[in-house]
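Engineer:
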Ligand code: RP5
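Numbering (this note's numbering), first residue to last: 437 to 603.
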């Protein structure tokens, strides 16, 4: 695989099932990516080092998912000017509501583009990353147009089934 353009990082290996959908989407679009476990709390030095070197490594977008006291996306955003997409993961007794708030409520000047909690968020983080890359890549833009057509076609088929009494 060529050098990664997108880095998918997560606070723990227990977050992998939640972050895999993002990887699947990037694979579908043919975008080179990497997966890493980095914890803002348990390995703060590694996180700082990763974020500080991300741009010179050729990364364009960072997707960061975390659950408990979810600071990973925000800490990474503090150390880079690359766009950071945050995925709140529902890995705590509060079912991700806590992760949503700690990911989304960034102070002015250090944005984290926060997506939905859970599976939809993981997928959307990757689609958003592809949309960012597509700004300077017409082929990726075309793939996004096709992707949206497929989504619409899926809805059309479901609607036909429903109208035909097949659901
Ligand atoms: C967060 O704490 C991780 O992102 C994970 O969602 C949660 C629990 O981590 P483990 O105790 O499973 O390693 O830092």
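Where a beta carbon is used, it is the ideal one built from N, C-alpha and C, also for glycine. Being a predicted model, the structure only gives us computed values, none of them experimental.
Is residue 534 close to ligand 1? I mean its beta-carbon at under 7 angstroms from any heavy atom of the ligand.
Structural biologist: No, Cβ of residue 534 sits at least 7 angstroms from all heavy atoms of ligand 1.
Engineer: Would you check if the distance between the CB atom of residue 536 and the CB atom of residue 524 is smaller than 8 angstroms?
Structural biologist: Yes, these two residues count as a Cβ contact at 8 angstroms.
Engineer: Report buried or exposed for residue 615, applying the criterion of at least 16 other Cβ atoms within 10 angstroms of its Cβ.
Structural biologist: The question about residue 615 has no answer here: the residues shown for the chain are numbered 437 through 603.
Engineer: Going by the beta-carbon positions, is the gap between residue 580 and residue 566 smaller than 8 angstroms?
Structural biologist: Yes, these two residues count as a Cβ contact at 8 angstroms.
Engineer: Quick check: what's the CA-CA separation for residue 603 versus residue 597?
Structural biologist: If you take the alpha carbons of residue 603 and residue 597, they lie about 6 angstroms apart.
Engineer: Can you tell which of 495, 510, 522 and 483 has the C-alpha that lies nearest to the C-alpha of residue 555?
Structural biologist: Residue 555 has its Cα closest to that of 522, out of 495, 510, 522 and 483.
Engineer: Going straight from the alpha carbon of residue 459 to that of residue 544, what length do you get?
Structural biologist: Roughly 29 angstroms between the two C-alpha positions.
Engineer: Identify every run of the alpha helix (DSSP H) within the segment 497 to 554, keeping only runs that are complete inside it and at least 4 residues long; order them along the chain.
Structural biologist: Counting only runs of 4 or more, we get 508 to 514 and 533 to 540.
Engineer: Any heavy atom of ligand 1 closer than 7 angstroms to the beta-carbon of residue 455?
Structural biologist: No, the Cβ of residue 455 stays beyond 7 angstroms of every heavy atom of ligand 1.
Engineer: Just to check, is the beta-carbon of residue 558 closer than 7 angstroms to a non-hydrogen atom of ligand 1?
Structural biologist: No, the Cβ of residue 558 stays beyond 7 angstroms of every heavy atom of ligand 1.
Engineer: Kindly indicate which three-state DSSP category residue 587 falls into: helix, strand or coil?
Structural biologist: The answer is helix: DSSP assigns residue 587 an H, G or I state.
Engineer: From what residue to what residue does the alpha helix (DSSP H) around residue 460 run?
Structural biologist: It spans 452 to 465 - the alpha helix (DSSP H) in which residue 460 sits, taken as one unbroken run.
Engineer: What does a CB cutoff of less than 6 angstroms around residue 511 pick up in its chain, not counting 5 residues either side in sequence?
Structural biologist: So the qualifying residues of the chain are 476 and 483.
Engineer: By DSSP's criteria, residue 473 is part of a beta bridge. Which residues make up the other side?
Structural biologist: 446.
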